[in-house]
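First comes the structure, then the notes that go with it.
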């Protein structure tokens, strides 16, 4: 199993800061990655990134990926302080599977950060062969995690937007295995 982790929403103008962490689980990475690349190719984009896409493309991408084989967990933080510490706590509560081949976290993180997470995972008995940070351009799974994190954050910040609600409910019913707030 491969896990991709992304967060969305550090800076908001809505009077509060909301951060959403997404933990995406994939069993067959090779097939999943090729399917994501095919979706992006058919959409005429090099790679999907929530912040760079218009709402029409976001919706189209999310509808298409909702048909792929994956599961995800989501955690919402409102006005968080010390996001790094919260992230470590979220990782500890999200990573409960024992046989994870790789965990790939979006973005550049210092070496000590990855080491701390590895130590905490080992304490919990989780066998992690490889934990690394990555760029979403290099990992289709991170692009899917980015899209899900963007959607969930947008939904939490704008719960009355009908178009978002319909898409979120569809994806939540089919793919979400755990949701929390801190």
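Numbering (the working numbering), first residue to last: 1464 to 1645.
Positions of the beta carbon are idealized from the N, C-alpha and C atoms, including for glycine.
Do you know how far the Cα of residue j is from the Cα of residue i?
i            : j            : result
residue 1632 : residue 1521 : 15 Å
residue 1563 : residue 1553 : 17 Å
residue 1607 : residue 1636 : 17 Å
residue 1500 : residue 1614 : 20 Å
residue 1558 : residue 1498 : 25 Å
residue 1471 : residue 1569 : 10 Å
residue 1551 : residue 1617 : 23 Å
residue 1511 : residue 1540 : 24 Å
residue 1641 : residue 1534 : 9 Å
residue 1523 : residue 1623 : 20 Å
residue 1482 : residue 1505 : 30 Å
residue 1508 : residue 1638 : 24 Å
residue 1503 : residue 1518 : 15 Å
residue 1589 : residue 1601 : 25 Å
Near residue i, what residues of its chain come up, given a Cβ to Cβ distance below 6 Å and the 5 sequence neighbours on each side ignored?
i            : result
residue 1583 : 1555
residue 1644 : 1539
Smallest Cα separation from residue i: which of the options?
i            : options                   : result
residue 1546 : 1619, 1626 and 1469       : 1469
residue 1495 : 1527, 1483, 1561 and 1482 : 1527
residue 1587 : 1466, 1485, 1561 and 1598 : 1561
residue 1599 : 1537, 1515, 1507 and 1482 : 1515
residue 1464 : 1551, 1611, 1627 and 1532 : 1532
residue 1485 : 1525, 1538 and 1513       : 1538
residue 1630 : 1643, 1502, 1467 and 1611 : 1611
residue 1548 : 1575, 1594 and 1510       : 1575
residue 1530 : 1634, 1504 and 1518       : 1634
residue 1466 : 1639, 1623, 1605 and 1482 : 1605
residue 1603 : 1482, 1513 and 1620       : 1513
residue 1594 : 1536, 1543, 1542 and 1567 : 1567
By DSSP's criteria, residue i is part of a beta bridge. Which residues make up the other side?
i            : result
residue 1486 : 1468 and 1536
residue 1643 : 1538
residue 1627 : Beta-bridge pairing links residue 1627 to no other residue.
residue 1593 : 1565
Using C-beta distances below 7 Å, list every residue in its chain close to residue i, excluding the 5 sequence neighbours before and after it, in chain order.
i            : result
residue 1572 : 1596
Using a Cβ-Cβ cut-off of 8 Å (strictly less than) and excluding sequence neighbours within five positions of residue i, which residues of its own chain qualify?
i            : result
residue 1627 : 1614, 1617, 1618 and 1621
residue 1646 : With the chain covering 1464 to 1645 only, the question about residue 1646 has no answer from this structure.
message: Would you call the segment 1577-1584 in contact with the segment 1483-1490, where contact means no fewer than 3 C-beta pairs closer than 8 Å?
response: The segment 1577-1584 vs the segment 1483-1490: no contact.
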